[in-house]
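No gaps in the numbering here: position 107 of the sequence shown is 113 in our numbering, and each next residue is one more.
Cβ atoms here follow ideal geometry from the backbone N, Cα and C, with glycine treated the same way.
Following: one structure in structure tokens, then a few remarks.
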Amino acid sequence: MARASVRVFHKLEGLFSIYKPPGVHWKLVRDTIETNLLKGINAAPPPAPRQRVQFLAEPTSDVAEGSNELALSAASVPALAHHPLVSGPEFQHIGVGVGHRLDVFSSGVLVLGVGQSNKALTDLYRSHVTRDYTLEGELGMATDNFSHTGRLIERTTYDHITRDKLERVLAMMQGSTQKALLTYSKVDMSTQGAYELAVKGELRPDGKSPPIMTGLRLLHFQPPHFTLEVQCLNETQRYLCRILHEVGLELRSTAVCKGVRRTRDGPFTIQHALTHQHWTSTDVIQAIGQYCSSRKASKAKHTQPGKDTGTASQRQEMAEEAAVTGDSHRLHSVLTSKAFGS
Numbered sequence: 007m008a009r010a011s012v013r014v015f016h017k018l019e020g021l022f023s024i025y026k027p028p029g030v031h032w033k034l035v036r037d038t039i040e041t042n043l044l045k046g047i048n049a050a051p052p053p054a055p056r057q058r059v060q061f062l063a064e065p066t067s068d069v070a071e072g073s074n075e076l077a078l079s080a081a082s083v084p085a086l087a088h089h090p091l092v093s094g095p096e097f098q099h100i101g102v103g104v105g106h107r108l109d110v111f112s113s114g115v116l117v118l119g120v121g122q123s124n125k126a127l128t129d130l131y132r133s134h135v136t137r138d139y140t141l142e143g144e145l146g147m148a149t150d151n152f153s154h155t156g157r158l159i160e161r162t163t164y165d166h167i168t169r170d171k172l173e174r175v176l177a178m179m180q181g182s183t184q185k186a187l188l189t190y191s192k193v194d195m196s197t198q199g200a201y202e203l204a205v206k207g208e209l210r211p212d213g214k215s216p217p218i219m220t221g222l223r224l225l226h227f228q229p230p231h232f233t234l235e236v237q238c239l240n241e242t243q244r245y246l247c248r249i250l251h252e253v254g255l256e257l258r259s260t261a262v263c264k265g266v267r268r269t270r271d272g273p274f275t276i277q278h279a280l281t282h283q284h285w286t287s288t289d290v291i292q293a294i295g296q297y298c299s300s301r302k303a304s305k306a307k308h309t310q311p312g313k314d315t316g317t318a319s320q321r322q323e324m325a326e327e328a329a330v331t332g333d334s335h336r337l338h339s340v341l342t343s344k345a346f347g348s
């Protein structure tokens with residue numbers, strides 16, 4: 007039977023998401039979680055100590071008083087060489103991988119993998135899942151790195167900007183990105199299936215592509231502050247800050263980014279991301295188990311043997327599930343299906 011610590015380690019193999027706070031480097035987050043997981047594994051009850059035979063010297067009982075003769079007797083004693091206080095913790099390293107990273111300035115959902123599940127992080131990235139962000143912007147300023155932490159290079163007025171003008175600019179910017187998405191998806195738009203994908207907004211790039219914005223919506227507007235919701239692919243945090251900069255230019259003004267928060271990374275949402283006080287082995291095991299159960303239920307609902315893979319949205323969901331579980335053969339078959347424009 008496997009030791010208790012080994013059983014805990016195997017339960018930790020999987021993908022889960024945490025909430026990364028702003029102002030903290032992702033490496034520090036990863037190292038903190040790795041340390042907590044090692045503590046949880048090594049806290050499992052140790053196996054029974056090994057026994058070894060030792061000959062103990064005892065005074066003989068059949069000799070006269072004052073005799074120096076001793077008798078040897080065999081006894082089973084614990085082998086101290088294998089005691090945890092002597093050999094140290096059983097697990098001293100555990101591989102914790104990080105998915106699509108967040109810089110120090112950003113916060114939100116950060117996907118991590120443990121053990122063999124680190125391979126699924128690469129498959130998840132290659133499946134071209136979309137990520138959602140909430141961007142906090144401020145009008146009237148321009149900096150050298152498009153964020154409020156950069157060097158101020160310009161101040162402008164913003165009294166002429168209204169909510170209607172801002173929404174028209176956002177609609178125009180979102181429309182312009184659709185052309186780029188069509189270009190990199192390599193879909194024949196003369197087909198009915200490609201037309202339906204374009205209408206539903208379910209096109210995906212074929213292979214590598216630059217950052218592509220698939221959705222843009224205004225959530226809050228109270229000059230000079232405003233909040234946008236962005237859906238994108240292959241993005242970087244600098245690209246997200248640049249979006250706000252371009253919004254300001256289109257409005258005959260300037261804007262900087264004051265906050266970036268990721269609310270969804272493929273199938274991982276902010277509602278199930280573990281906060282700092284839950285970065286423990288027990289909570290991670292529970293998060294991995296809940297996610298695997300939800301994906302299995304979704305797979306059973308949308309797939310049946312001998313039938314087609316379903317709608318485009320169901321295929322995208324299947325691609326995400328295949329990437330997370332590391333099923334590379336199934337992921338390839340889904341991504342090369344008609345719904346993905348191949």
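{"Check": "Quick test of the definition: if touching needs 3 or more C-beta pairs under 8 Å, does the segment 17-32 touch the segment 113-131?", "Outcome": "yes"}
{"Check": "Indicate the three-state DSSP secondary structure (helix, strand or coil) for residue 182 in the structure shown.", "Outcome": "helix"}
{"Check": "Can you tell me where the beta strand (DSSP E) holding residue 142 begins and where it ends?", "Outcome": "137-145"}
{"Check": "Taking Cβ positions, are residue 15 and residue 39 nearer each other than 8 Å?", "Outcome": "no"}
{"Check": "Can you find the residues in the same chain that come closer than 6 Å, C-beta to C-beta, to residue 294, ignoring five residues on each side of it along the sequence?", "Outcome": "20 and 22"}
{"Check": "My guess is that residue 212 and residue 105 are in contact by the Cβ rule of under 8 Å, so how many angstroms apart are they, rounded?", "Outcome": "No, residue 212 and residue 105 are not in contact; Cβ-Cβ is about 21 Å, not under 8 Å."}
{"Check": "Buried or exposed for residue 61, going by 16 or more other Cβ atoms inside 10 Å?", "Outcome": "exposed"}
{"Check": "Could you check which residue in 230, 247, 91 and 232 has the C-alpha nearest to that of residue 238?", "Outcome": "247"}
{"Check": "My output table needs one value for residue 97: the three-state DSSP class, helix, strand or coil.", "Outcome": "coil"}
{"Check": "In the structure shown, what three-state DSSP assignment does residue 251 receive?", "Outcome": "helix"}
{"Check": "If distances are taken between C-alpha atoms only, which option among 115, 216, 190 and 51 comes closest to residue 277?", "Outcome": "115"}
{"Check": "Is residue 141 closer than 8 Å to residue 4 when the C-beta atoms are compared?", "Outcome": "Since the first residue of the chain shown is 7 and the last is 348, residue 4 is not available in this structure."}
{"Check": "Going by C-alpha distance, which of 52, 57, 76 and 91 is nearest residue 63?", "Outcome": "76"}
{"Check": "From the DSSP secondary-structure annotation, give me the bridge partner or partners of residue 291.", "Outcome": "Partner(s): none; residue 291 has no beta bridge."}
{"Check": "Checking 8 Å against the spacing of the C-beta atoms, do residue 260 and residue 186 come in under that value?", "Outcome": "no"}
{"Check": "With distances taken from CA atoms, which of 210, 161, 12 and 183 is nearest residue 97?", "Outcome": "12"}
{"Check": "What does a CB cutoff of less than 6 Å around residue 144 pick up in its chain, not counting 5 residues either side in sequence?", "Outcome": "230, 231, 262 and 264"}
{"Check": "Which residue marks the beginning of the beta strand (DSSP E) containing residue 214, and which one marks its end?", "Outcome": "Careful: residue 214 lies outside any beta strand (DSSP E) and carries neither H nor E."}
{"Check": "Enumerate, from N- to C-terminal direction, the unbroken alpha helix (DSSP H) stretches of 4 or more residues contained entirely within the segment 29-95.", "Outcome": "32-48 and 90-93"}
{"Check": "Taking 8 Å as the cut-off, decide whether the C-beta atoms of residue 79 and residue 57 are in contact.", "Outcome": "no"}
{"Check": "Under three-state DSSP, which class holds residue 222?", "Outcome": "strand"}
{"Check": "What residues in its chain sit with their C-beta under 7 Å from that of residue 161, if we drop five residues either side in the sequence?", "Outcome": "146 and 147"}
{"Check": "Tell me the rounded alpha-carbon separation between residue 26 and residue 242.", "Outcome": "16 Å"}
{"Check": "For residue 5, which of 190, 252, 304 and 172 has the nearest alpha-carbon?", "Outcome": "Any property of residue 5 remains undetermined from this structure, which presents the chain solely from 7 to 348."}
{"Check": "When the Cα of residue 225 is compared with those of 112, 254, 305 and 176, which residue comes out closest?", "Outcome": "176"}
{"Check": "Can you tell me the Cα-Cα spacing of residue 134 and residue 42, whole angstroms?", "Outcome": "31 Å"}
{"Check": "Going by DSSP, what residues sit across from residue 12 in a beta bridge?", "Outcome": "Residue 12 pairs with nothing; no bridge assigned."}
{"Check": "For the ligand SAH, is there a heavy atom less than 7 Å away from the beta-carbon of residue 111?", "Outcome": "Among the components modelled here there is no ligand, and therefore nothing to report on the ligand SAH."}
{"Check": "Output needed for residue 245: all residues of its chain with C-beta closer than 6 Å, excluding positions within five of it in sequence on either side, in chain order.", "Outcome": "217"}
{"Check": "So residue 132 is in the alpha helix (DSSP H); what residue range does that whole segment cover?", "Outcome": "124-132"}
{"Check": "Quick one, which of 167, 36, 10 and 130 has its alpha-carbon nearest residue 53's?", "Outcome": "10"}
{"Check": "Return the first residue and the last residue of the beta strand (DSSP E) that residue 271 is part of.", "Outcome": "261-271"}
{"Check": "Nearest to residue 154 by alpha carbon, out of 266, 170 and 189?", "Outcome": "266"}
{"Check": "Looking only at C-alpha atoms, which of 102, 110 and 137 sits nearest to residue 126?", "Outcome": "102"}
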